[in-house]
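A.B. asks: First the structure, then my questions, so here it is.
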Amino acid sequence: MSNDNNEDFIEIDMNNNIADPVEVDMNNNIADPVEVDMNNNNIADPVELDMNNNIADPVELDMNNNIADPGEIDMNNNNIDDPVEIDMNNNIEENFFNEENEIPMEVIGVNANIVNATGTSIDDLDIKCLKEIFKYLNIQEHLLAEAVCEKWKGISTSGWKCIEKLDALSNDYYFGDNSLPQDKSIILETIVIRCGHSLSKLSFDDKCSQRTIDAIAAHCINVTELRIYIYGENNNDLSRLLLNMTKLKKFSIRILHPKYFNDAIFQSANNTVESFEMSIRANNNYVCSTNFALMIQRFENLQTLNMISSKINNNFNIAIPTLRQSLKQLDIPDAIFFYENLHIEEFTKLEELQVSNVPQINNACILNYVTFLKNLTVLNVSDCRFIDDAGFSLISHFPKLVVLDVNSTSITDNALRSYVVLKHLQEFICSETNVTDIGVVGILQNSLKLIYLNVEHTGVTRFTLETASNILNTEPSNRVLEIVVSPVIATNVENLSEKIKVLLFP
Numbered sequence: 046m047s048n049d050n051n052e053d054f055i056e057i058d059m060n061n062n063i064a065d066p067v068e069v070d071m072n073n074n075i076a077d078p079v080e081v082d083m084n085n086n087n088i089a090d091p092v093e094l095d096m097n098n099n100i101a102d103p104v105e106l107d108m109n110n111n112i113a114d115p116g117e118i119d120m121n122n123n124n125i126d127d128p129v130e131i132d133m134n135n136n137i138e139e140n141f142f143n144e145e146n147e148i149p150m151e152v153i154g155v156n157a158n159i160v161n162a163t164g165t166s167i168d169d170l171d172i173k174c175l176k177e178i179f180k181y182l183n184i185q186e187h188l189l190a191e192a193v194c195e196k197w198k199g200i201s202t203s204g205w206k207c208i209e210k211l212d213a214l215s216n217d218y219y220f221g222d223n224s225l226p227q228d229k230s231i232i233l234e235t236i237v238i239r240c241g242h243s244l245s246k247l248s249f250d251d252k253c254s255q256r257t258i259d260a261i262a263a264h265c266i267n268v269t270e271l272r273i274y275i276y277g278e279n280n281n282d283l284s285r286l287l288l289n290m291t292k293l294k295k296f297s298i299r300i301l302h303p304k305y306f307n308d309a310i311f312q313s314a315n316n317t318v319e320s321f322e323m324s325i326r327a328n329n330n331y332v333c334s335t336n337f338a339l340m341i342q343r344f345e346n347l348q349t350l351n352m353i354s355s356k357i358n359n360n361f362n363i364a365i366p367t368l369r370q371s372l373k374q375l376d377i378p379d380a381i382f383f384y385e386n387l388h389i390e391e392f393t394k395l396e397e398l399q400v401s402n403v404p405q406i407n408n409a410c411i412l413n414y415v416t417f418l419k420n421l422t423v424l425n426v427s428d429c430r431f432i433d434d435a436g437f438s439l440i441s442h443f444p445k446l447v448v449l450d451v452n453s454t455s456i457t458d459n460a461l462r463s464y465v466v467l468k469h470l471q472e473f474i475c476s477e478t479n480v481t482d483i484g485v486v487g488i489l490q491n492s493l494k495l496i497y498l499n500v501e502h503t504g505v506t507r508f509t510l511e512t513a514s515n516i517l518n519t520e521p522s523n524r525v526l527e528i529v530v531s532p533v534i535a536t537n538v539e540n541l542s543e544k545i546k547v548l549l550f551p
């Protein structure tokens, strides 16, 4: 018997009569005759009847006309190969994770109807065509496809090789929000075994089992971008996790509970990393350990270093000689460090420096930066209260500056009026400062490439908007300027140039 659904069938009523009689044409012939074979004029696929003319072995259908108790169909689609026991909810009752890495059905939650989900049209496609279709399945669909039949399970192997990104921090591959943690870990392990070698981007957390961690270490050897959330609750051994990731370029780690964090993971990192980000949950500053500093020292090609909410101590000095050679972007917001322990001015190749809310940054620091960091294009000193008018006058001497953020600093109009023209400045943020129209208009007149200006929560009025509008109207260029203002100004923006876009952040 074919595993295809019978779209046309005769319905029998309670008295074994044909509920929907066969339609007869004008000549008393059956209008839609039964198909007969070519040789013996027999019904091509006869139905066996019992002594009472009932179907001897009828297929039981559920409320949705699906086979109530389907079995697994063999490769020839004829015989039930190994019937599966079904529970009251039509779910597969008994499955296990066998030596061939069969997917545990109780974890996936595959309904028995999935076996009957394949229509005749797709089942008739050849393997080459099915492989092409399987390339477009997402991870959850791949897992479901494997449960349909042996044919699909074999074809899905090639489809797994097309998956390059796995974000296990989302619920995209889970089967319902109520999955138990151990079930999610098994699913993740199954996925990693299937497609680990093809992954280039991977995100996961350490809530999974040690077995899953080991599977990631063994299979995900071609990953170039890795993001990990560390909770430290399972006490997993991560010391060998990165050992085989010899192609890793971008490494990001977020530590939720630093006091439970074992930094042995840093020991296995290879020297291929070019971008490293470490984020610490607020108020849980991580003190730079020797393992951390030695890892940074190994990153001889490191161009981007992002350490959020970190305590930078003398250990970090180990890495400074390496960072001098390659570092182009340094982002250390909310960091705690003693100035003498981190000589930023030694990173002479820096192009982007973000030191927001670092209380040790002051005017003396700015002087050193201006002297040695000639390639700087982005500078963020927001919330550095010790930066005042004197510090700002130094900042204006960076020759290549494109983005400048002095939000919540101590600058006033005096600094902006003495502002030296920055030929390349495109974004200027001075929100939550004591500046007014007098100072900001000077910025507008001297920064002819400015496309973004944030003056929210300052003393700026509509006069600044009108001045900006007049400047842009007289320019031959198509420059458009976005200006972020306070709500009181945003209510009166009529008759401004079309080149002015007034923005209001909620």
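Numbering (the working numbering), first residue to last: 46 to 551. Even for Gly, the Cβ is constructed at its ideal location relative to N, Cα and C.
1. Tell me the DSSP secondary structure of Asn316 in three-state form.
2. Determine the DSSP secondary structure at Leu323, reduced to helix, strand or coil.
3. Under three-state DSSP, which class holds Phe417?
4. For Met340, which option in Arg326, Ile357, Phe321 has the closest C-alpha, if you only look at C-alpha atoms?
5. Out of Thr503, Ile488, Ser522, which one is the CA nearest neighbour of Thr512?
6. Rounded to the nearest angstrom, how far is the Cβ of Gln405 from that of Asn425, given a contact under 8 Å?
7. For Leu418 and Leu395, which I take to be in contact (beta-carbon distance under 8 Å), what is that distance rounded to the nearest angstrom?
8. Please state whether the Cβ-Cβ distance between Lys206 and His264 is less than 9 Å.
9. What whole-angstrom Cβ distance do Val486 and Thr509 have, given they're in contact under 8 Å?
10. Is the closest heavy atom of the ligand NAD to the C-beta of Asn402 under 8 Å?
11. Which runs of the beta strand (DSSP E) spanning at least 3 residues fall entirely within the stretch 256-320, listed in chain order?
12. Have a look at Leu288, Thr269, Ser245, Ser522 and flag the residue whose alpha-carbon is nearest the alpha-carbon of Val259.
13. Output the distance between the C-alpha atoms of Thr367 and Leu375, rounded to the nearest integer angstrom.
14. Have a look at Phe344, Asn523, Thr269 and flag the residue whose alpha-carbon is nearest the alpha-carbon of Glu543.
15. Can you give me the C-alpha to C-alpha distance between Thr422 and Thr393, rounded to a whole angstrom?
16. Please name the residue or residues paired with Val547 in a DSSP beta bridge.
17. Measure the alpha-carbon distance for Glu138 versus Val193 and round it to whole angstroms.
18. In whole angstroms, what separates the C-alpha of Trp197 from that of Glu191?
19. Taking all protein chains shown into account, decide if Tyr305 is buried (16 or more other Cβ within 10 angstroms of its Cβ) or exposed.
20. Please name the residue in Asp282, Thr519, Leu214 whose C-alpha comes closest to that of Ser313.
21. For Phe382, count neighbouring C-beta atoms within 10 Å of its own C-beta (all shown protein chains included) and say buried if the count is 16 or more, exposed if not.
22. Identify, in the order they occur along the chain, each residue of the same chain with its Cβ nearer than 6 Å to the Cβ of Ser297, setting aside the five sequence neighbours on each side.
23. Among Ile275, Arg285, Lys294, Ile310, which residue has its Cα nearest to the Cα of His302?
24. Gly504 bridges to which residues according to DSSP?
25. CB-CB under 6 Å to Asn50, same chain, minus the five flanking residues each way: which ones, in chain order?
26. In its own chain, which residues sit with a C-beta less than 7 Å from the C-beta of Tyr464, not counting the 5 before and 5 after it?
27. When DSSP labels each residue in this structure, what does Thr349 get in the three-state scheme?
28. Tell me the DSSP secondary structure of Ser542 in three-state form.
29. Under the assumption that His502 contacts Glu477 (Cβ atoms under 8 Å), give the Cβ distance between them as a whole number of angstroms.
30. Let me confirm a value: Arg239 is counted as buried when at least 16 other C-beta atoms fall within 10 Å, else exposed. Which label applies?
31. Using 10 angstroms around the beta-carbon of Phe361, count the other beta-carbons present and answer buried if the total reaches 16, otherwise exposed.
32. Hey, Leu214 and Phe179 are a contact pair by Cβ (cut 8 Å); roughly how many whole angstroms apart?
33. Just the Cα atoms here: how many angstroms apart are Leu286 and Asn351?
34. Is it the case that the Cβ atoms of Thr291 and Asn315 are separated by a distance below 9 Å?
35. Counting along the chain, where does the beta strand (DSSP E) carrying Lys196 start and finish?
36. Under the rule that 16 or more other beta-carbon atoms within 10 Å means buried, what is Glu177, buried or exposed?
C.D. replies: In short, the structure shows the following:
1. Reduced to three states, the DSSP call for Asn316 is coil.
2. Just to set this straight, residue 323 is Met in the shown sequence, not Leu. Of the three classes helix, strand and coil, the one that applies to Met323 here is strand, per DSSP.
3. Three-state DSSP puts Phe417 in a helix.
4. Sorting Arg326, Ile357, Phe321 by C-alpha distance to the C-alpha of Met340 places Phe321 at the top.
5. Here the closest residue by C-alpha is Ile488.
6. About 15 Å; that fails the 8 Å criterion.
7. Going by Cβ atoms, the distance from Leu418 to Leu395 rounds to 5 Å, so yes, they are a contact pair.
8. For Lys206 and His264, no; Cβs fall outside 9 Å.
9. Indeed they touch by this definition, with Cβ atoms about 6 Å apart.
10. This structure lacks the ligand NAD; in fact it carries no ligand of any kind.
11. As for any beta strand (DSSP E) of minimum length 3 sitting wholly inside the stretch 256-320, the runs are 270-275, 295-300, ordered along the chain.
12. At residue 259 the sequence reads Asp, which differs from the Val that was named. Per the Cα distances, Leu288.
13. Going from the Cα of Thr367 to the Cα of Leu375 covers about 14 Å.
14. Ranking the options by Cα distance to Glu543, first place goes to Asn523.
15. Thr393 has its alpha-carbon roughly 13 Å from the corresponding atom of Thr422.
16. Paired residues: Ile528.
17. Note on Glu138: pLDDT 38, under 50, position unreliable in the model; no value is reported.
18. The straight-line gap from Cα to Cα measures roughly 6 Å.
19. It is exposed - the Cβ of Tyr305 has fewer than 16 other Cβ atoms within 10 Å.
20. Minimum Cα-Cα distance from Ser313 among the listed residues Asp282, Thr519, Leu214 corresponds to Asp282.
21. With 16 or more Cβ atoms within 10 Å of its Cβ, Phe382 is classed as buried.
22. Arg272, Glu322, listed in sequence order.
23. Answer by Cα proximity: Ile275.
24. Beta-bridge analysis with DSSP links Gly504 to Thr481.
25. Note that Asn50 scores a pLDDT of 45, beneath 50, so its modelled location is shaky and nothing firm can be said.
26. Taken in chain order, the residues that qualify are Ser441, Gly487, Ile488, Asn491.
27. Strand at Thr349.
28. In the structure shown, Ser542 sits in coil (DSSP, three-state: anything other than H, G, I, E or B).
29. The C-beta separation of His502 from Glu477 comes to about 5 Å, placing the pair in contact by the 8 Å criterion.
30. Note on Arg239: 16 or more other CB atoms within 10 angstroms of its CB, so buried under the neighbour-count rule.
31. So Phe361 ends up on the buried side.
32. Actually they are not in contact, since the Cβ atoms of Leu214 and Phe179 sit about 25 Å apart, beyond 8 Å.
33. Between the C-alpha atoms of Leu286 and Asn351 there is a straight-line separation of about 21 Å.
34. Their beta carbons are under 9 Å apart, which means Thr291 touches Asn315 by this criterion.
35. Judged by DSSP secondary structure, Lys196 falls outside any beta strand (DSSP E) and instead within the alpha helix (DSSP H) spanning 195-205.
36. With fewer than 16 neighbouring CB atoms inside 10 Å of its own CB, Glu177 falls in the exposed class.
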